[in-house]
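Colleague: Shown below is the structure under consideration.
Shown next, in the form of structure tokens:
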């Protein structure tokens, strides 16, 4: 037998809390693992059994710097994804997801949603980027949003796009392809 068998199992998740405020989010590790397991199951992504994902719960200042450096956007954003690239079936590192506390907390408050629910949405969105989804074209955005809704519904979380008048701005330029590990900078 050559190589490892493919699995519809979730990758290992390594979470790092790098900013104050995230203590309000009860057990971010468990939340991330649950969201990612649902995303793998519902997307049908075939991943290496050795696959892993890094998640950094950070702040606006750190994300602002990454957003400026890798996407040319001189402002913070809620989530950035850094796909490692390559074949998902053999990749051991799928990539990194970085979430900004202040922006995420503000968006949750503005939408009248718990921070946990909004963080779950950002985790789902960020992970889908790591496994190849994007929202550049309308049809791709619809597919990605539908999958996000299904993932969140499995956890009893309502539709994050419902009544969202800023839908087009929520995830403006959030995928950093070809970028090295942001935590190493």
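In full-length UniProt numbering, the protein residues as written are 1 to 185. We put the CB at the ideal spot given by N, CA and C, even for glycine. All values reported here derive from a predicted model rather than from experimental measurement.
1. Could you tell me how far apart the beta carbons of residue 159 and residue 101 are, in whole angstroms, since I believe they sit closer than 8 Å?
2. Starting from residue 136, follow the alpha helix (DSSP H) in both directions and report where the run begins and ends.
3. Among 99, 146, 134, 120, whose alpha-carbon lies nearest the alpha-carbon of residue 20?
4. Given this structure, state the Cα-to-Cα distance separating residue 150 from residue 40, to the nearest angstrom.
5. Considering only the beta carbon of each residue, do residue 152 and residue 124 sit closer than 8 Å?
6. According to DSSP, is residue 96 helix, strand or coil?
7. Between residue 120 and the rest of its own chain, which residues show a CB-CB distance below 7 Å, the 5 nearest in sequence each way excluded?
8. Helix, strand or coil for residue 28? Go by DSSP, reduced to three states.
9. Would you mind listing the alpha helix (DSSP H) stretches within the stretch 6-69 that are 4+ residues and don't spill past its ends, in chain order?
10. If we ignore side chains and look at the alpha-carbon of each, how far apart do residue 27 and residue 132 end up?
11. So is residue 13 buried or exposed if we call it buried at 16+ other beta carbons inside 10 Å?
12. Give the DSSP-derived three-state secondary structure of residue 106 in the structure shown.
13. Measuring only the C-alpha atoms, how far is residue 130 from residue 47?
14. If we ignore side chains and look at the alpha-carbon of each, how far apart do residue 94 and residue 140 end up?
15. When you compare the CB positions of residue 73 and residue 122, do they come within less than 8 Å of one another, or not?
16. What is the rounded straight-line gap between the Cα of residue 52 and the Cα of residue 126?
Modeller: In brief:
1. Along the chain shown, read from residue 1 onward, the residue named residue 159 stands at position 159. Along the chain shown, read from residue 1 onward, the residue named residue 101 stands at position 101. Contact flag wrong, Cβ pair sits at about 23 Å.
2. If you number the chain shown from 1, residue 136 lands on position 136. Per DSSP, residue 136 belongs to no alpha helix (DSSP H) and is neither H nor E.
3. Here residue 20 is taken as the residue at index 20 of the chain shown, counted from 1. Checked all of 99, 146, 134, 120; the closest Cα to residue 20 is 99.
4. Reading the chain shown from its first residue, position 150 is the one you call residue 150. Reading the chain shown from its first residue, position 40 is the one you call residue 40. Going from the Cα of residue 150 to the Cα of residue 40 covers about 12 Å.
5. Against the chain shown, residue 152 aligns to sequence position 152. Against the chain shown, residue 124 aligns to sequence position 124. In contact: residue 152 and residue 124 (Cβ atoms closer than 8 Å).
6. Translated into positions along the chain shown, residue 96 becomes position 96. Strand, per DSSP.
7. Within the chain shown, numbered from 1, the residue matching residue 120 stands at position 120. Excluding sequence neighbours, residue 120 sits near 31, 35, 152, 155, 157.
8. As a first step, residue 28 must be located in the chain shown, where it is residue number 28. Note: residue 28 maps to helix in three-state DSSP.
9. 28-43, 60-66
10. In the chain shown, counting from the first residue as 1, residue 27 sits at position 27. In the chain shown, counting from the first residue as 1, residue 132 sits at position 132. Residue 27 and residue 132: Cα-Cα distance of roughly 27 Å.
11. On the chain shown, residue 13 is found 13 positions in, with the first residue counted as 1. By the neighbour-count rule (16 or more Cβ atoms within 10 Å), residue 13 is buried.
12. Within the chain shown, the letter at position 106 stands for residue 106. Correct three-state label for residue 106: helix.
13. Here residue 130 corresponds to residue number 130 of the chain shown, with the count starting at 1. Here residue 47 corresponds to residue number 47 of the chain shown, with the count starting at 1. Taking the straight line joining both Cα atoms gives about 11 Å.
14. The residue given as residue 94 occupies position 94 in the chain shown. The residue given as residue 140 occupies position 140 in the chain shown. Cα to Cα, residue 94 sits roughly 20 Å from residue 140.
15. The residue given as residue 73 occupies position 73 in the chain shown. The residue given as residue 122 occupies position 122 in the chain shown. Contact flag unset, no.
16. Here residue 52 corresponds to residue number 52 of the chain shown, with the count starting at 1. Here residue 126 corresponds to residue number 126 of the chain shown, with the count starting at 1. When rounded, the distance between both Cα atoms is 14 Å.
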